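In UniProt numbering, the protein residues as written are 1 to 486.
Even glycine gets a Cβ: it sits at the ideal position worked out from N, Cα and C.
Bear in mind the structure is a predicted one, so any value in this text is a computation, not a measurement.
In what follows, a single structure is set out as structure tokens and then discussed.
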């Protein structure tokens with residue numbers, strides 16, 4: 001079967017949406033670091049739609065490590081299909097990616113793309129761990145990648161080091177019309193990225209750090225769209241619909257949201273014409289999303305996994321689990337969000353629950369459970385801190401923490417892989433205390449790099465242990481009694 005590419009684009013069925021701009025003549029204006037499925041289903045799609053309104057905004061993508069995307073898309077002229085799964089599904093061909101580079105083999109091309117005057121925007125989706133931050137949200141100068149990049153400044157392996165190398169080059173060539181946009185689920189993502197970049201630069205050249213401060217903007221953002229991983233079923237379904245082979249299609253729900261702080265140091269695509277929200281205050285949207293969506297996502301992932309469930313849809317359709325999620329939201333999460341007239345948080349929470357009930361989205365709990373030691377501080381622990389400050393209850397919020405601890409213990413006992421940057425340490429602690437879950441929980445709660453000052457908070461620790469005792473009684477065949485007691 002023929003492959004999806006520029007030549008076969010015209011053969012696709014009329015029902016398939018296609019790029020509304022000239023793929024051959026439209027130039028590049030964006031470099032994106034970390035072109036995973038979410039970027040290809042989200043920012044790349046907004047940019048693809050915006051180019052119908054003009055501008056040279058195609059994307060040069062940079063993979064920091066993996067070659068998979070480059071290998072799969074090169075023969076497709078970097079085209080791919082997006083399947084939007086909802087009650088009225090549709091398929092869209094995205095042409096926003098011009099090139100896909102891999103750092104290990106394409107360093108010169110990457111530095112050229114980052115440094116040229118026509119590149120006005122750099123975006124990133126590198127997950128929380130890619131920013132090399134400590135538990136205070138500042139650059140971790142002891143991180144191995146950062147230490148490497150400070151010594152070998154021309155051969156950076158971290159995104160922070162790569163950005164500083166590019167900015168040093170742009171300073172020399174006076175190419176300052178550049179905005180760098182974090183698109184990760186990280187609180188104050190732009191502020192923290194900017195601070196990390198300037199902190200790294202200051203360790204090399206104080207003048208460079210000053211130039212960055214004066215010339216480069218790092219707007220805060222909030223991004224949202226549930227994007228399940230690509231599987232063989234999607235590949236087969238897409239091939240049947242297109243009549244050509246796409247080696248790496250992607251899928252997402254119909255709902256998509258991108259909120260960007262209106263703070264740019266150069267031009268941008270007509271994103272506002274295709275649904276992007278520009279605002280002077282992203283924090284309200286970001287806080288609501290991190291706590292309501294991401295917080296309940298992680299809760300479903302860990303408690304749902306303990307129940308033997310495998311998808312968000314299966315988890316939310318367990319009545320007792322949905323009831324717990326609703327109690328968690330109304331009693332402990334929503335009271336921490338003062339949105340004023342910018343957002344109706346109760347309506348937003350209801351909308352999210354309805355999105356979880358979308359039967360067309362197979363979002364795996366195992367995927368959401370990745371990197372718990374990095375995600376929980378932003379998704380759950382900051383909410384707990386606010387509740388403690390307000391002298392409010394934290395019983396429900398401690399349930400996902402307890403479930404995460406049991407999730408790690410089960411992974412160690414079963415020999416299954418634990419996807420987490422701290423996996424080795426977490427599994428070692430689980431092995432050391434495999435006959436005593438209480439001691440294991442204390443060992444986990446002692447991890448300052450995860451819990452910081454919460455490790456010493458007796459109310460927090462006691463409440464986690466109480467929820468741990470409840471979850472240990474969970475019966476997969478009848479989870480309702482246990483979940484009702486959380």
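In the DSSP assignment, residue 425 falls within the unbroken alpha helix (DSSP H) covering 423–432. When only Cα atoms are considered, residue 193 and residue 160 end up about 8 Å apart. A straight-line Cα-Cα distance of about 20 Å links residue 188 and residue 387. Sixteen is the threshold: since fewer than 16 other Cβ atoms of the shown chains lie within 10 Å of the Cβ of residue 357, the residue is exposed. Proximity to residue 91 across 371, 200, 235, 171 peaks at 235, based on C-alpha coordinates. The region 292–311 makes no contact with the region 276–284; the number of CB pairs closer than 8 Å stays below 3. Comparing alpha carbon positions, the residue from 458, 141, 272, 409 closest to residue 385 is 458. Residue 224 is bridged by DSSP to 257.
For residue 98, the enclosing beta strand (DSSP E) starts and ends at 97–102.
Following the DSSP letters along the chain, one finds residue 345 in no beta strand (DSSP E) but inside the alpha helix (DSSP H) bounded by residues 345–356.
Residue state for residue 278 is assigned as strand, using DSSP reduced to three classes. Sequence-distant Cβ neighbours of residue 228 in its own chain, meaning closer than 8 Å and more than five residues away, are 251, 252, 361, 362, 363, 364, 367.
Of all C-beta pairs linking the region 5–17 to the region 235–249, three or more are shorter than 8 Å, placing the two stretches in contact. Judged by DSSP in its simplified three-state form, residue 120 adopts coil rather than helix or strand. If you compare the alpha carbons of 116, 84, 79 with that of residue 99, the shortest gap goes to 79.
Under the three-state reduction of DSSP, residue 168 is assigned to helix. In the three-state scheme derived from DSSP, where H, G and I count as helix and E and B as strand, residue 183 is classed as coil.
Counting C-beta pairs with one atom in each stretch, the region 37–55 and the region 139–146 have fewer than three that are closer than 8 Å, which means they do not touch.
Between residue 307 and residue 476 a beta carbon distance of about 6 Å is seen, short of the 8 Å cut, so the two are scored as contacting.
The DSSP-derived three-state label of residue 190 is helix.
When beta bridges are read from the DSSP output, residue 91 appears opposite 83. Beta-bridge annotation (DSSP): residue 47 is not paired with any residue.
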